[in-house]
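Protein chains in written order, with my numbering: chain A, 2 to 259; chain B, 2 to 259.
Number of protein chains: 2
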Amino acid sequence: MKFKIAILGTGNVAWHLGPALEDAGHTITEVFGRDIEKASSLTKRLYVAEAKDDLDFSDSEARIFIISVSDHAISELADEIILPEESILVHTSGSVGLDILGYSSAAYTGILYPLQTFSKERRLDFSDVPFLLESDDQTTLQQLKKLAKSLSPHQYVIKSKDRKALHVAAVFASNFSNHMLRLSEEIMARQGLDFEMLKPLIIETISKSLELGAKKTQTGPAIRGDFGVLDEHYQFLNYNEQVAEIYKLISQDIIDSY
Amino acid sequence: MKFKIAILGTGNVAWHLGPALEDAGHTITEVFGRDIEKASSLTKRLYVAEAKDDLDFSDSEARIFIISVSDHAISELADEIILPEESILVHTSGSVGLDILGYSSAAYTGILYPLQTFSKERRLDFSDVPFLLESDDQTTLQQLKKLAKSLSPHQYVIKSKDRKALHVAAVFASNFSNHMLRLSEEIMARQGLDFEMLKPLIIETISKSLELGAKKTQTGPAIRGDFGVLDEHYQFLNYNEQVAEIYKLISQDIIDSY
C-alpha cells in the first residue's frame with residue numbers, strides 16, 4: 002500500500018525519513034517548516050514535494066501527516082494545523098504521549114517512532130531501524146504498521162504505559178554509555194594518551210555484550226571484587242570529585258548485581 | 002624475525018595468543034599449566050609445543066617467556082620459574098607493573114599487553130588488537146616491538162606512570178559502558194519489553210561516538226537540560242535507589258560537562 006504523506010518539520014529525522022519514504026514508493030506531497038528555506042532544502046531531496054511555511058493543509062492530497070519536530074514544539078504545531086477530513090496525524094517522538102495530538106483537527110492520531118539516533122551527516126539504513134507504533138484506533142495502527150513495514154522489518158506496538166520505561170532504558174543504553182566513553186576520552190587526553198588504543202576494546206565489549214548479554218560479559222576490578230584496584234582508581238580520580246563518585250557508585254552497583 | 006616462545010598459563014589470552022603467534026611464524030616450544038590437562042588442551046591447538054606442569058625451563062629452547070595468568074598469580078610464577086640465560090620474561094597484564102618480574106631469574110623483563118577482552122568462545126582477529134609494550138631495556142623493547150608487529154600493526158610504548166590512567170580509562174570505556182547496557186536490559190525485562198529493539202540504537206550510538214568523539218555526539222534529556230524528563234525518570238527508578246542515584250549522578254555530570 003502506497004501513501005501520500007506530508008512531513009512537518011525539517012530536523013534530522015525528517016531529513017532521513019522523507020527520502021526513505023519515497024524510496025519505499027510513497028509520495029511526499031508537502032514539507033512544512035517555519036523557516037521556508039529549511040523546508041526547501043529538504044524538498045530538494047524529494048521528487049514533487051512542495052515547501053510550505055503555513056499550516057493550512059485543507060487542500061493537501063496527503064492522508065498521513067507526520068510531525069517530526071522537537072518534543073516541545075509538537076503541541077503547538079498539532080493544535081494549529083488544519084487537516085483534510087479523515088486524516089491521520091502522527092508524531093515521531095519517543096518521549097511524548099499520544100494525548101499531545103488530542104486537541105488537533107485530525108480524525109485519527111498515532112505515533113511512529115523510529116528508535117534510532119539521527120544526524121544529517123551520517124547515512125542511515127532504515128532496514129535496521131525498529132519502529133515503535135502506537136494508536137488508540139486499530140485501523141490506524143494497521144495503516145502505521147504497513148507504513149513502517151515498507152521501511153523496516155522491525156516493528157513493535159508499544160503501549161502508553163511502557164513508553165517511559167523504554168525511554169529510561171534508552172537513556173542508559175545510549176546517552177549514558179556514550180558518557181562513559183566521554184569520561185574515558187578525558188582521562189586519556191589528560192594523561193596525553195591516544196584514545197585510539199581503546200577503540201578495539203570498546204567495539205569488542207559492545208559486540209560481545211549484545212551477543213551474549215551484558216550480565217554474562219562483565220569484566221574488570223569490580224566484578225572480580227578487587228578492592229585494592231578499586232581504591233587505587235578512586236584515589237587516582239581525586240582531581241574530579243564527581244567523576245570519582247561515579248566510579249565508586251557504578252563499581253558498587255556492579256558488585257551488588259552479581 | 003621469528004622467535005621461540007614458551008607460554009605460561011592456559012587462560013583466555015594464552016588460548017588466543019598461542020595459535021596467533023604460530024600463525025605469525027613463531028614457534029611455541031612449551032605451554033606451562035599447574036593443571037597439565039589444561040596445558041595439553043592448549044598444546045593440541047599448536048604444532049610442536051610440549052605441555053609442562055613444572056617450572057624448570059633451564060633446558061628450554063625458548064628465548065621469550067610469556068606469563069599469561071591472573072594478575073594475582075603472576076608474582077609466584079615469576080619467582081619460581083627457572084629460565085635459561087639471556088631470556089626475556091614478559092607478562093600480558095594491563096594492571097600489573099614491570100617490577101613484579103623483578104625477583105625472577107630473567108635477564109630481561111617486559112610487558113606485552115594486548116588491550117582487548119578475550120573469551121574462548123569468540124574468534125578474535127589480532128590485527129585489530131593494540132599491543133601496549135613496556136621494558137626498561139631498549140633492546141628488549143625492540144624485540145617486543147618486532148614480536149607485537151608480527152601480530153598487529155597497532156603498537157604503543159607505554160610508560161609505567163601511564164598504566165593506571167589507561168586502566169581507569171579502560172574501566173569506563175568497557176566495564177562501565179557494559180554496565181549501562183546491563184541496567185538497560187534490566188529495565189526492559191522488568192517491563193516485559195524486548196531488548197532487541199534497543200540494539201540498533203546502541204550500535205549506532207557507539208559507532209558515531211567512536212567516529213566523531215563522545216562529546217560531540219551526546220544526546221538525551223540531560224544535555225538538553227530537560228529537567229522535567231530527568232525528574233520523571235528519577236521517580237520512575239524509585240524501585241531501586243542505587244540505580245536512581247546512578248541516573249541522577251551521570252545526568253548531573255552530563256549537564257556539568259557542556
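Even glycine gets a Cβ: it sits at the ideal position worked out from N, Cα and C.
Since we're looking at a predicted model, the values are computed, not measured.
{"Item": "Min CB distance T110(A) to chain B below 8 Å", "Value": "no"}
{"Item": "Proximity test, Cβ basis, 8 Å: D129(B) and chain A", "Value": "yes"}
{"Item": "From E197(A), L142(A), I188(A) and S96(A), residue whose alpha carbon lies closest to that of G111(A)", "Value": "L142(A)"}
{"Item": "Bridge partner(s) assigned by DSSP for V158(B)", "Value": "L134(B)"}
{"Item": "Among T118(A), F119(A), D36(A) and I207(A), nearest to G10(A) - alpha-carbon criterion", "Value": "D36(A)"}
{"Item": "Contact the segment 62 to 73 of chain B vs the segment 87 to 97 of chain B: 3+ CB pairs below 8 Å", "Value": "yes"}
{"Item": "For A171(A) and L18(A), the rounded distance between their alpha carbons", "Value": "21 Å"}
{"Item": "Contacts of T218(B) in chain A (Cβ-Cβ under 7 Å)", "Value": "N179"}
{"Item": "Where the segment 228 to 248 of chain A meets chain B: residues whose CB sits under 8 Å from a CB there", "Value": "V230, E233, H234, F237, L238, Q243, V244, E246, I247 and Y248"}
{"Item": "Neighbour list for K165(A) in chain B, Cβ cutoff strictly below 8 Å", "Value": "E233, H234 and F237"}
{"Item": "Chain-ordered residues of the segment 196 to 220 of chain A with a beta carbon less than 9 Å from chain B", "Value": "F196, E197, M198, L199, K200, P201, L202, I203, I204, E205, T206, I207, S208, K209, S210, L211, E212, L213, G214, A215, K216, T218, Q219 and T220"}
{"Item": "Within-8 Å CB hit, E62(B) to chain A", "Value": "no"}
{"Item": "Rounded C-alpha distance that separates F132(B) from K5(B)", "Value": "19 Å"}
{"Item": "Straight-line gap, I188(B) to V169(A) (C-alpha atoms, nearest Å)", "Value": "8 Å"}
{"Item": "Beta carbon proximity, L152(A) to chain B, threshold 8 Å", "Value": "no"}
{"Item": "Residue-chain proximity (I188(B), chain A), Cβ-Cβ < 8 Å", "Value": "yes"}
{"Item": "Chain B residues whose Cβ lies nearer than 8 Å to that of T93(A)", "Value": "Here the premise fails: no neighbours, minimum Cβ distance about 14 Å."}
{"Item": "Nearest-angstrom Cα separation, counted from I101(A) out to D80(A)", "Value": "9 Å"}
{"Item": "Endpoints, the beta strand (DSSP E) within which Y235(A) is located", "Value": "Element bounds for Y235(A): not the beta strand (DSSP E) but the alpha helix (DSSP H), F228 to F237."}
{"Item": "Nearest-angstrom Cα separation, counted from V97(A) out to S161(B)", "Value": "51 Å"}
{"Item": "Proximal chain B residues relative to S185(A), where beta-carbon distance stays under 9 Å", "Value": "V169, A170, A171, V172, F173, A174, S175, F177, S178 and A215"}
{"Item": "Beta-carbon proximity of G221(A) to N176(B), cut-off 8 Å", "Value": "yes"}
{"Item": "Interface partners of R308(A) on chain B, CB under 7 Å", "Value": "For residue 308(A) there is no data in the structure shown, the boundaries of chain A being 2 and 259."}
{"Item": "Neighbour flag for A223(A) against chain B, beta carbons, 8 Å", "Value": "yes"}
{"Item": "beta-carbon I255(B) near the ligand COA non-hydrogen atom, thresh 7 Å", "Value": "This structure lacks the ligand COA, and indeed carries no ligand of any kind."}
{"Item": "Beta bridge counterpart(s) of P115(B) as assigned by DSSP", "Value": "F132(B)"}
{"Item": "Buried versus exposed, by CB contacts within 10 Å (16 or more), R183(A)", "Value": "buried"}
{"Item": "Spatially closest choice to L238(A) from N241(B), N239(B), S71(B) and F173(B), by CA coordinates", "Value": "F173(B)"}
{"Item": "Exposure of F196(B), with buried meaning 16 or more beta-carbon neighbours within 10 Å", "Value": "buried"}
{"Item": "Cβ pair Q219(B), H27(A) closer than 8 Å", "Value": "no"}
{"Item": "Same chain only: Cβ atoms within 7 Å of D72(A), ignoring 5 sequence neighbours per side", "Value": "S94, S96 and V97"}
{"Item": "Listed by chain order, chain B residues near Y259(A) by CB distance under 9 Å", "Value": "Going along chain B, no residue has its Cβ under 9 Å from Y259(A), so there is no contact; the nearest lies around 10 Å."}
{"Item": "Proximity winner among K200(B), V49(B) and Q192(B), relative to R164(A) (alpha-carbon distances)", "Value": "Q192(B)"}
{"Item": "Simplified DSSP state of E197(A), which is helix, strand or coil", "Value": "helix"}
{"Item": "Chain-ordered chain B contacts of I251(A) [CB-CB under 7 Å]", "Value": "F177, H180 and I247"}
{"Item": "Proximal residues of chain A, C-beta to C-beta of Q117(B) below 7 Å", "Value": "P201, L202 and E205"}
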